[in-house]
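Student: Please read through the structure below; I'll follow up with questions.
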Amino acid sequence: MSDSDTFDPADPKNQKTVGNIRSDNPRMICRGVEVFYADKQAIFNISLDIGKNEVIALIGPSGCGKSTFLRCLNRMNDTIDICRVSGTIKLDEMDIYDPAIDVVPLRAQVGMVFQKPNPFPKSIYDNIAYGPKIHGIVTNRTDTDEIVEMSLRKAGLWKEVKDRLDQPGTGLSGGQQQRLCIARTIAVNPEVILMDEPCSALDPIATSIIEELILELSAQYTIAIVTHSMQQASRVSQRTAYFHLGVLIEVGPTDQLFTRPLHRLTQDYITGRFG
Amino acid sequence: MKKVLTLLSAAALLISLNAIDAMSARDYISIVGSSTVYPFATVVAEQFGKTTKFKTPTIESTGSGGGLKLFCAGVGAEHPDITNASRAIKSSECKACFENGVKEIIEVKIGYDGIVVANAKSAPMMKLTRKDLFLALAKDVPDPKGGENLIPNPYQTWKDVNSSLPNQKITVLGPPPTSGTRDAFVELAMEAGAKEFGFIKAMKKTDKKRYKAVCHTVREDGAYVEAGENDNLIVQKLDKDPTALGIFGFSFLDQNADKIKGAFVDGVEPTFDNIADGQYPVSRPLFFYVKKAHIGTIPGIAEYLKAFSAEATWGPDGYLSEKGLIPMPEAERMKFAKDIQMLIPMECK
Amino acid sequence: MNKMPQPTESSVGSCRSRTIDIVNRGLKRRYRAERRFKIYGITAIALSLVFLALLFITIVGNGYSAFRQTEIKLDVYFDPMEFKDKLAADANYLAIVKDAMRSLFPDVSGRRDKRSLYGLVSTGAAFQMRNMLLKDRSLIGQRIPVWVPADDDVDMLVKGHMDRGLPESDRRLKDKQLAWIDQLAADGRLHKAFNFSFFNNGDSREPELAGIRGALMGSFYTLVVTLLLSFPTGVAAAVYLEEFAPKNRWTDIIEVNINNLAAVPSIVFGLLGMAVFLNFFGLPRSAPLVGGLVLSLMTLPTIIIASRASLLSVPPSIREAALGVGASKNQMVFHHVLPLALPGMLTGTIIGMARALGESAPLLMIGMVAFIVDIPGGLTDPSTVLPVQIFLWADSPERAFVERTSAATMVLLAFLITMNALAVVLRKRFEKRW
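What follows is the structure in structure tokens.
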């Protein structure tokens, strides 16, 4: 019988995170983040830094709060009426939960790629051009063409779709759709990209293409990725955070966390005792 | 989105413009009232619209009571100019009119309508009296054993009512209480039949309310079937069921003489001539009422009255008689034609 | 150690066979239940199909003949004497028609016989002459053959709705008239032609002249008002309620009330319309404007409910995608959600419109159930609508209106079917897959 059966996330003793939550060069700083769905608490007192140009993987069993935490980072949880967030989350010294902060520019800075590929039911071109257009990044056709091509190139999709930009994005394969969504996100040139299990709906080949893409993008962007696959976490991330029942149990460099976990629960998870 | 907004504002503009236009005047005659007069008034209106420079009047079939209510609501373009009625205006209605500013009303009698009791062509000819009709259809009837007390209607077959009638179940399809035809029928046929019982006739003086209830209440045990206002439906049902009788206006008998035939009432057959000369007992006058204040403001009313009172319209050879209207005797036609010409308003009783 | 697995294995084996036995035993019953249900379903569908077929067969069977109208060929002579000293519009065209009839049967004499002879052609013939001449004055002094509509009784006889075998007193047409009609038919002066007047004329008390044009135009104007008011209002209300309104007790109350309004009998809207639009705002009676207002009140709840359902069916992933790239709520709704929901909204609207087209009860209160001959030319002209026209004709004593009632019903049904088909096509065509 492991600790996991008796683990009480509400106990402050259990809310201590093992490992170094800090980053030398942080882009986002989260302190004491708690999330409630009506009366039910989903996340307990999480503090974590997300470093510049790093890929941080958030792992943990289902319902551990990793996605909820990720969605706090661009205030996507605002769309749920009953959801309440406390604690502070800063993006480059700016408190994103400050009432004076507007979520629209925030989401332009912190982009998001979702679990299921969700291109707009419009043409490939319009999918990419939409973000830059509404933010006023582009105003004429040449600039738009340029940004579309650049984003598709960065997402490694340009060669495959350059002859059919006017066709609907929904007509692409699953992997292509997800890369289109990534291209759409980077078209508004965000500082942080949040990815919520981006490969869970894809086959292994599409998955490996996306993983390569994540590694390439990390040179330019800060990426936080939620994944249920430990192999994927170890392949793409430099740091890994392990969540359990709404508590951040352990953070550490990816190789160390997978080879020499410090916490008993982390060890149980990576060795497959539960999950 | 912009397109929708433009469309919306355009529509709003259009509607408001139209509404303003409508407030200013009405250039057609608005007629309401009785469904019995409707088939006759519509023919005149159509002819009038086709042969004059005026627009065709609109005619709503609202029933006599409903029409008078609308008519008496006031003076002005939003109120009707003429109401048709299958009965004379009541003094209460006339007073209501007066109180609402409708002070001068011209009453025009247009002719007569016979109410017939008919059955299928294939069925035996019925020879009824009004007393038979009362006994067959009233809710409470005098005790057949004699005496002066009323009992719930025990009669099941026509033979029970009168031994000279065929031995068939009483089934009568007729109009509902909202209908002017029903009002006229209970008054002209049933009440007259009831009066033949001395003690009921005497009741009129002593207890008028009870008298009315006795004479006018139709039985509700299924022998009388309320068939709705659609007389065509009654004709169809009669055609299918030879044991049933139906009650409706003469014009429906006239148009459907190949399917149904009218029963003799008090020995008189419901024919055009018999109703016209007053022999057939169950007939009633038809009217329309004109708002004098509107003559001159709404174009065409005087001309419409003239067209209605022409011999070619309501005379014995006029086209209304082809539609089943029973014309008035000549003296009466002359009188009303004169009233129309002089625009003589009626007196409230 | 060796003995232990033995019983375990056999117990597993026997257990499995037992399960299968139990399953097999129940299997027949389960299939029977399935078969039974299928039979119920098929019976229900067959029954409704039979009723539908019955409806269509009766209506089409009664009504198809109304699309053809019996006509009589007259040799009309526009006698210059008739046009002397008067305006062409005021000439006695009835006399011209009567002359033409008399010239066909010169030996008819006596007032009564002449009257019944003239009765064979429609009273509309004189108006037809008048319109012909006003269009072309050069006809004066000419003798030309013209097909004019026959009286409705003649029409009924030709179409076989009148029994010649009945005794003369029971027939609308007398023996002499039958003889004349046979004579006309023998001379090739009687034929059935497409009934243009049915589509070109307004209402009339002469069945052979009555048409549905007035009612169609009335329906058109009424529906235009209804559509222009109820669609934007309904969509705006639905978008606000579904996307922007806070979820609290007030919005709950509004929602419940909208759902209740959708179930309110339509006559109630008529009463409301009479009280508000006629008595309070003083709008004219019998006007398509008021009819449209009343019908939009009636269709609004339907449109709001359909629009909300269709907004709700837009997958949340599209909303997230839009918000994810930094669209504001307004942009998310109008750029992404609304376009995707629009086909569903249109479908709901068209179905609401179809219901409004078939509605007559609420119009009774505001004076649109009326005899109206002139074809309405605007939103405030007195007019009626198709279902009301059907109702009025069904109540007319003349036999020939029976087939016209069915024919008008066919036209109404055709419109309803077209509208519903349009709704299906729109849904199929613009439904986006995601």
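Protein chains in written order, with our numbering: chain Y, 14 to 288; chain L, 4 to 352; chain D, 2 to 435.
Beta carbons are placed, not taken as given, at the ideal position from N, Cα and C, and that holds for glycine.
Being a predicted model, the structure only gives us computed values, none of them experimental.
1. Give every residue of the same chain whose Cβ lies closer than 8 Å to the Cβ of Gln-332/D, excluding the five residues on either side of it in the sequence, and list them in chain order.
2. Counting along the chain, where does the alpha helix (DSSP H) carrying Leu-72/D start and finish?
3. Can you pull the chain L neighbours of Ser-329/D, defined as C-beta to C-beta under 9 Å?
4. Taking only runs that begin and end inside the segment 137-163 of chain Y, name each unbroken alpha helix (DSSP H) of 4 or more residues, in chain order.
5. Quick one: Cα of Met-26/L to Cα of Leu-365/D, how far?
6. In angstroms with no decimal places, state the Cα-to-Cα distance between Asp-91/D and Arg-190/D.
7. Under 9 Å between beta-carbons, which chain D residues line up against Ala-41/Y? List them in chain order, please.
8. Under 8 Å, CB to CB, which of the residues in the segment 281-296 of chain L have a partner in chain D?
9. List the residues of chain D whose Cβ lies closer than 7 Å to the Cβ of Ile-62/L, in chain order.
10. Using only the alpha-carbon positions, how far apart do Arg-131/D and Ala-186/D sit?
11. Quick one: does Gly-271/D have its CB under 8 Å from some CB of chain L?
12. Sort Val-426/D, Val-225/D and Val-236/D by Cα distance to Ile-305/D and report the nearest one.
13. For Thr-155/Y, would you say it is in contact with chain D, using Cβ-to-Cβ distances shorter than 8 Å as the test?
14. If you draw a straight line from the alpha carbon of Ala-126/L to that of Phe-128/D, how long is it in whole angstroms?
15. Please classify Val-98/Y as buried or exposed, where buried requires at least 16 other C-beta atoms within 10 Å of its C-beta.
16. Find out if the Cβ-Cβ distance for the pair Leu-86/Y, Val-123/Y is shorter than 8 Å.
17. How many angstroms separate the CA atom of Pro-180/L from the CA atom of Ala-195/L?
18. Is there at least one Cβ from chain D nearer than 8 Å to Val-319/L's Cβ?
19. Please decide whether Thr-45/L counts as near chain D, where near means a Cβ-Cβ distance under 8 Å.
20. Am I right that Phe-278/D and Leu-294/D are in contact with their C-beta atoms under 8 Å? What's the rounded C-beta distance?
21. Taking only the alpha-carbon atoms, compute the straight-line gap between Asp-105/Y and Asp-111/Y and give it to the nearest angstrom.
22. So, are the CB atoms of His-337/D and Ile-319/D less than 8 Å apart?
23. Is Thr-184/L a contact residue of the ligand ZN, with contact defined as CB to any heavy atom under 7 Å?
24. Using a Cβ cut-off of 8 Å, which residues of the segment 128-146 of chain D contact any Cβ in chain L, in chain order?
25. For a test of the three-state rule: what should DSSP assign to Asn-122/L, helix, strand or coil?
26. By the criterion of Cβ-Cβ separation under 7 Å, what are the contact partners of Ser-314/D in chain Y?
27. By the 8 Å beta-carbon criterion, what residues does the segment 223-246 of chain L contribute toward chain D?
28. So, using beta-carbon positions, are Asn-196/Y and Leu-230/Y closer together than 8 Å?
29. Less than 8 Å separating the beta-carbons of Glu-210/Y and Val-249/Y?
30. Using a C-beta cutoff of 8 Å, does Leu-124/Y count as contacting chain D?
31. Run through DSSP, which three-state label would Ala-25/L get?
32. Alpha carbon to alpha carbon, how far is Asn-201/D from Arg-287/L? Give it in angstroms, no decimals.
33. Could you check which residue in Ile-69/Y, Gly-188/Y and Val-46/Y has the C-alpha nearest to that of Thr-101/Y?
34. Under the three-state reduction of DSSP, which class applies to Ser-287/D: helix, strand or coil?
35. Beta carbon of Ala-70/Y, beta carbon of Ala-214/Y: below 8 Å?
36. Mind checking if Phe-255/L is an interface residue toward chain D, Cβ cutoff 8 Å exclusive?
Tutor: According to the structure shown:
1. Translated into the one-based positions of the third sequence, residue 332/D becomes position 331. Hits under 8 Å: Ala-323.
2. Translated into positions along the third sequence, residue 72/D becomes position 71. Rather than Leu, the amino acid found at residue 72/D in this sequence is Glu. For Glu-72/D, no alpha helix (DSSP H) run applies; the uninterrupted beta strand (DSSP E) run containing it begins and ends at 69-78, by DSSP.
3. As a working note, residue 329/D is residue 328 in the third sequence. Neighbours of Ser-329/D on chain L: none; closest Cβ ~15 Å, over 9 Å.
4. Here the runs fully enclosed are 137-148.
5. Locating residue 26/L in the second sequence gives position 23, where the first residue counts as 1. Locating residue 365/D in the third sequence gives position 364, where the first residue counts as 1. Bear in mind that the predicted position of Met-26/L carries a pLDDT of just 47, short of 50, making it too unreliable to give a figure here.
6. What you label residue 91/D is simply residue 90 of the third sequence in a count that begins at 1. What you label residue 190/D is simply residue 189 of the third sequence in a count that begins at 1. Asp-91/D and Arg-190/D: Cα-Cα distance of roughly 28 Å.
7. Mapped onto the first sequence, residue 41/Y falls at position 28. Looking at the sequence provided, one finds Met at residue 41/Y rather than Ala. When 9 Å is used as the limit between beta carbons, Met-41/Y is near no residue of chain D, the shortest such separation being about 17 Å.
8. Of all residues in the segment 281-296 of chain L, none has a C-beta nearer than 8 Å to a C-beta of chain D.
9. To locate residue 62/L, count along the second sequence from 1; it is residue 59. Ala-371 and Phe-372, listed in chain order.
10. Counted from its first residue, the third sequence places residue 131/D at position 130. Counted from its first residue, the third sequence places residue 186/D at position 185. Answer to the nearest angstrom: the Cα atoms are 26 Å apart.
11. Looking up residue 271/D in the third sequence gives position 270. The beta-carbon of Gly-271/D is placed no less than 8 Å from the nearest beta-carbon of chain L.
12. Locating residue 305/D in the third sequence gives position 304, where the first residue counts as 1. Residue nearest to Ile-305/D within the set Val-426/D, Val-225/D and Val-236/D is Val-236/D (criterion: CA-CA distance).
13. Working through the first sequence from its first residue, we reach residue 155/Y at position 142. False, the Cβ-Cβ gap to chain D never drops below 8 Å.
14. Position 123 of the second sequence, counted from the start, is the residue given in the question as residue 126/L. Position 127 of the third sequence, counted from the start, is the residue given in the question as residue 128/D. Straight across, the Cα-Cα distance linking Ala-126/L with Phe-128/D is about 43 Å.
15. Locating residue 98/Y in the first sequence gives position 85, counting from the first residue. In this structure Val-98/Y is buried. Its beta-carbon is surrounded by 16 or more other beta-carbon atoms within 10 angstroms.
16. If you number the first sequence from 1, residue 86/Y lands on position 73. If you number the first sequence from 1, residue 123/Y lands on position 110. Yes.
17. If you number the second sequence from 1, residue 180/L lands on position 177. If you number the second sequence from 1, residue 195/L lands on position 192. Taking the Cα positions, Pro-180/L is about 18 Å away from Ala-195/L.
18. Taking the second sequence and counting its residues from 1, one reaches residue 319/L at position 316. The displayed chain sequence assigns Pro, not Val, to residue 319/L. By this cut-off, Pro-319/L is not an interface position.
19. Mapped onto the second sequence, residue 45/L falls at position 42. Chain D, which has a Cβ nearer than 8 Å to the Cβ of Thr-45/L, makes this yes.
20. Along the third sequence, read from residue 1 onward, the residue named residue 278/D stands at position 277. Along the third sequence, read from residue 1 onward, the residue named residue 294/D stands at position 293. Contact holds; Cβ gap of about 6 Å.
21. Against the first sequence, residue 105/Y aligns to sequence position 92. Against the first sequence, residue 111/Y aligns to sequence position 98. Distance from the CA of Asp-105/Y to the CA of Asp-111/Y, rounded to the nearest whole angstrom, comes to 13 Å.
22. Here residue 337/D is taken as the residue at index 336 of the third sequence, counted from 1. Here residue 319/D is taken as the residue at index 318 of the third sequence, counted from 1. Contact flag set, yes.
23. Absent from the structure shown: the ligand ZN. Ligands present: none.
24. Considering only beta carbons, the part of the segment 128-146 of chain D lying closer than 8 Å to chain L consists of Phe-128, in chain order.
25. Along the second sequence, one-based indexing puts residue 122/L at 119. Asn-122/L carries a strand assignment under DSSP once its states are collapsed to helix, strand and coil.
26. Along the third sequence, one-based indexing puts residue 314/D at 313. Within 7 Å Cβ-Cβ: nothing; Ser-314/D doesn't reach chain Y, min ~13 Å.
27. Those would be Glu-232, Asn-233, Asp-234 and Asn-235, in chain order.
28. Residue 196/Y sits at position 183 when you count from the first residue of the first sequence. Residue 230/Y sits at position 217 when you count from the first residue of the first sequence. Contrary to the premise, residue 196/Y reads as Ala rather than Asn in this sequence. Not in contact: Ala-196/Y and Leu-230/Y (Cβ atoms no closer than 8 Å).
29. Indexing the first sequence from 1 puts residue 210/Y at position 197. Indexing the first sequence from 1 puts residue 249/Y at position 236. No, Cβ-Cβ distance for Glu-210/Y and Val-249/Y is not below 8 Å.
30. The count along the first sequence starts at 1 and reaches residue 124/Y at position 111. It should be noted that the sequence gives Gly, not Leu, for residue 124/Y. Yes - at least one Cβ of chain D is within 8 Å of the one on Gly-124/Y.
31. Looking up residue 25/L in the second sequence gives position 22. Unreliable positioning characterises Ala-25/L in this predicted model, as indicated by a pLDDT of 46, which lies under 50. A coordinate reading is not provided.
32. Taking the first residue of the second sequence as 1, we reach residue 287/L at position 284. Taking the first residue of the third sequence as 1, we reach residue 201/D at position 200. Going from the Cα of Arg-287/L to the Cα of Asn-201/D covers about 38 Å.
33. Against the first sequence, residue 101/Y aligns to sequence position 88. With respect to the C-alpha of Thr-101/Y, the residue from Ile-69/Y, Gly-188/Y and Val-46/Y having the closest C-alpha is Val-46/Y.
34. Locating residue 287/D in the third sequence gives position 286, counting from the first residue. In this structure, DSSP gives Ser-287/D a state outside helix and strand, which the three-state scheme calls coil.
35. The residue given as residue 70/Y occupies position 57 in the first sequence. The residue given as residue 214/Y occupies position 201 in the first sequence. Their beta carbons are not under 8 Å apart, which means Ala-70/Y does not touch Ala-214/Y by this criterion.
36. By one-based count along the second sequence, residue 255/L stands at place 252. At least one CB atom of chain D sits nearer than 8 Å to the CB of Phe-255/L.
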